[in-house]
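See structure below.
Numbering (our numbering), first residue to last: 337 to 544.
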């Protein structure tokens, strides 16, 4: 079992497991309903289903292959309650909601990062972002990108403080399948190159 990525008395970051699916689905739906209350149609948010989200997530877990590089991380508090979730994997080259087109091998995408409502500003989002960036570098990616809603000022400030900058790329998201288009903006940030392992120490060969 992989050790926790980050740990202190009140929070740790670790890999998501199938046992976390229900908690992550509940967290994601409640986070959407809270964070996007003024950005997305109320009818869409009210119709979101925790059970349906959990079912989709189980299908995704079941479909994973041994070479899958999608990373799902969660934070949990001292009682083991899941308080945040993030997902990262290969960049979707065709835009915010399509995998069409050739991938750029060294670019990762932060697909999602959500914190349980009521816990924003407590460091959970920062811990998840840091862990995702570290994991992306370990996987050999040199850049991380993401999409966020153009009008989501709080999220945009958060990403900018984490070192992301807009690159001018835009897209739209048909949120309810009925032509309700939500404008999105694209952010990117470079990753520090992985450092080569240190050279072995020189040994005294006895020569002069």
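Each residue gets a CB set at the ideal place from its N, CA and C atoms; glycine is no exception.
Counted as a single uninterrupted DSSP element, the beta strand (DSSP E) harbouring residue 509 occupies residues 501 to 510. DSSP links residue 525 through a beta bridge to 480. When the Cα atoms are used, residue 396 and residue 389 turn out to be separated by approximately 11 Å. Assignment of residue 420 by DSSP, reduced to helix, strand and coil, places it in the strand class. Assigned with DSSP and collapsed to three states, residue 400 falls in coil, not helix or strand. Annotated as distal: residue 406 and residue 421, with beta-carbon spacing of 8 Å or more.
Per DSSP, the continuous beta strand (DSSP E) segment holding residue 410 begins and ends at 407 to 412. For the pair residue 449 and residue 394, the CB atoms are not nearer than the 8 Å cut-off.
The Cβ neighbour count for residue 427, taken over all protein chains shown within 10 Å, is at least 16; the residue is labelled buried. Pairing residue 510 with residue 479 gives a Cβ-Cβ distance that is not under 8 Å.
For residue 492, the enclosing alpha helix (DSSP H) stretches over residues 489 to 497.
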